[in-house]
Amino acid sequence: MRTTFAPTSLEDSPEINRLLGELNLGELSDGAVTAFGGRNDNWAGITSTGSAVFVKRVRGELAGDQIRRSVGFDAAVERSGRTELLSPRLLGHDEEARLMVTDLLREAPTAADLFADGRFDEELAHRAGRAVGLLHETDPATLHTRLDTTRPWLPNPALNRAVPLRAFLHFTIAEITFWQIVHADSALCAAIERLREREGAAEGCPVHCDVRLDQFLHHDGLLYLIDGEEFRLADPARDVGGFVGDCLHHILRGLSGGPGESGCADEPSHDALVERGTRDLARARPVLTAFWDGYRSARRTVDPELAVRATAFAGWQLIDRALAIAGMSSRLGAGARAAMGIGRTALLAPERYAAALGLGRTS
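The sequence shown begins at 165 in the numbering used here and counts up one residue at a time.
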């Protein structure tokens with residue numbers, strides 16, 4: 165289950181209840197709210213009128229862009245009919261206050277929780293694939309909102325040569341190690357550039373751009389895709405590869421003892437991680453295949469090169485997760501290094517590994 169804790173006091177953020185009042189949703193009180201872990205502040209609870217709401221304050225300089233993308237994502241879900249493509253309804257937002265209000269899904273484990281417990285089965289994976297496919301089938305012209313057409317920041321070939329000094333000054337030792345590995349690997353750098361070129365040549369469609377297992381919630385037997393803050397017109401391979409790569413990440417995470425990678429003496433060796441990871445991948449492949457089958461069942465046509473690009477994006481997802489772990493660690497442990505190695509393999513020759521990752525069939 166998602167970790168909950170006490171949120172910031174509502175007394176310090178009167179704009180929250182002001183927005184809820186404008187939406188005729190009542191008010192929240194400090195004694196009746198909790199918060200979920202994540203990069204943004206949030207408040208979850210039942211209002212004075214009995215409405216179950218989730219309030220999020222988006223952090224960062226790009227909060228306005230993220231809120232506008234979320235509005236577009238909600239419009240796409242609404243356009244789909246909210247039958248197979250589901251997401252908590254966006255009830256309202258305040259761009260100036262950087263707030264969004266959605267329906268609260270109580271007691272809803274993430275797909276990552278289910279995957280870790282062995283309960284994210286082929287049927288759920290097929291549903292997740294169909295949901296992503298239906299999102300990609302949305303006609304942007306019917307959404308009555310202008311979608312972002314900029315490509316996501318990462319992967320960024322410019323970082324293959326150097327990282328900004330401002331970022332470098334705040335790096336952990338693990339992040340420094342991560343970028344030393346990347347900068348010394350000319351083949352990996354070339355593969356990242358090839359992926360960006362292929363992505364730029366692909367026909368774009370409405371894409372979530374942050375598909376991971378923890379972006380799906382399982383509630384009352386239904387599967388919900390959440391957090392549309394990166395939604396835009398982009399290469400659909402990003403979403404397919406994001407799902408596949410995140411499944412691989414969770415397999416490796418389970419083998420290495422979690423993201424902290426404390427460096428205990430009994431930490432598995434690189435070779436042991438690769439061997440055990442290969443074995444667990446074989447067990448997880450039916451789930452990946454079911455996702456791909458569900459995805460294709462929702463698409464009228466599938467770009468014949470999509471599976472190859474998705475495999476490369478799955479590789480990038482592993483490398484990106486290693487970078488995220490490095491930002492929270494003092495050292496780059498065996499699990500993160502194994503993830504980088506497997507991701508590198510997928511990036512260098514995605515056409516060779518698409519079938520192994522469950523993406524072999526295109527018709």
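Even glycine gets a Cβ: it sits at the ideal position worked out from N, Cα and C.
Which residue marks the beginning of the alpha helix (DSSP H) containing residue 504, and which one marks its end?
498 to 512
Give the C-beta separation of residue 393 and residue 234 to the nearest angstrom, bearing in mind that I take them to be a contact with Cβ-Cβ under 8 Å.
5 Å
Rounded to whole angstroms, what is the Cα-Cα separation between residue 263 and residue 181?
11 Å
Any idea which residues DSSP pairs residue 206 with across the strands?
220
Below 9 Å between beta carbons: does that hold for residue 410 and residue 508?
no
Beta-carbon contacts of residue 476 that lie in its chain and below 6 Å, excluding the five residues immediately before and after:
359, 511 and 514
Length at least 3, wholly inside the segment 323 to 390: the beta strand (DSSP E) runs in chain order
369 to 371, 380 to 383 and 386 to 389
Taking buried to mean at least 16 other C-beta atoms within 10 Å of its own C-beta, is residue 518 buried or exposed?
buried
Where residue 458 and residue 293 are concerned, what is the direct C-alpha to C-alpha distance, given to the nearest angstrom?
5 Å
For residue 284 and residue 252, which I take to be in contact (beta-carbon distance under 8 Å), what is that distance rounded to the nearest angstrom?
Not quite, the Cβ-Cβ distance comes to about 20 Å (not below 8 Å), so this is no contact.
Count the other CB atoms within 10 Å of the CB of residue 489; is the residue buried (16 or more) or exposed (fewer)?
buried
Using only alpha-carbon positions, find the residue among 243, 279, 232 and 271 that is nearest to residue 256.
232
Rounding to the nearest angstrom, what Cα-Cα distance links residue 363 and residue 462 in this structure?
21 Å
Nearest to residue 450 by alpha carbon, out of 379, 356 and 288?
288
Assign residue 435 to buried or exposed, taking buried as 16 or more other Cβ atoms, counted over all protein chains shown, within 10 Å of its Cβ.
exposed
Give a yes or no on whether the C-beta atoms belonging to residue 215 and residue 189 are separated by under 9 Å.
yes
Is it right to say residue 266 is buried, meaning 16 or more other beta carbons lie within 10 angstroms of its own, or is it exposed?
buried
Hey, out of 390, 492, 371 and 418, whose CA is closest to residue 297's CA?
371
Could you tell me whether the segment 479 to 493 touches the segment 336 to 354, where touching means 3 or more Cβ pairs closer than 8 Å?
yes
Do residue 404 and residue 456 have their C-beta atoms closer together than 9 Å?
yes
I'd like to know whether the C-beta atoms of residue 311 and residue 397 end up nearer to each other than 9 Å.
yes
Rounded C-alpha distance that separates residue 368 from residue 390
21 Å
Spatial neighbours of residue 230 within its chain, please: CB distance less than 6 Å, with the 5 preceding and 5 following residues excluded, ordered by chain position.
222 and 393
Going by C-alpha to C-alpha distance, which of 381, 386 and 259 sits closest to residue 276?
381
Regarding residue 380 and the ligand ADP, is the C-beta to nearest heavy atom distance less than 8 Å?
The ligand ADP is absent from the structure shown, which contains no ligand whatsoever.
Integer Cβ distance of residue 503 from residue 485, believed to fall under 8 Å
6 Å
How is residue 519 classed by DSSP in three states: helix, strand or coil?
helix
So the candidates are 333, 334, 377 and 322; which of them puts its Cα closest to the Cα of residue 356?
322
If you compare alpha carbons, which of 194, 270 and 286 is closest to residue 453?
286
Is residue 187 helix, strand or coil when you go by DSSP?
coil
So is residue 429 buried or exposed if we call it buried at 16+ other beta carbons inside 10 Å?
For residue 429, the predicted model reports a pLDDT of 48, less than 50, meaning its position is unreliable and no value from the coordinates is stated.
Taking residue 259 as the reference, give the member of 269, 227, 246 and 278 with the closest Cα.
227
With a threshold of 6 Å on Cβ separation, who are the neighbours of residue 400 within its own chain once the five nearest residues in sequence on each side are excluded?
300, 369 and 371
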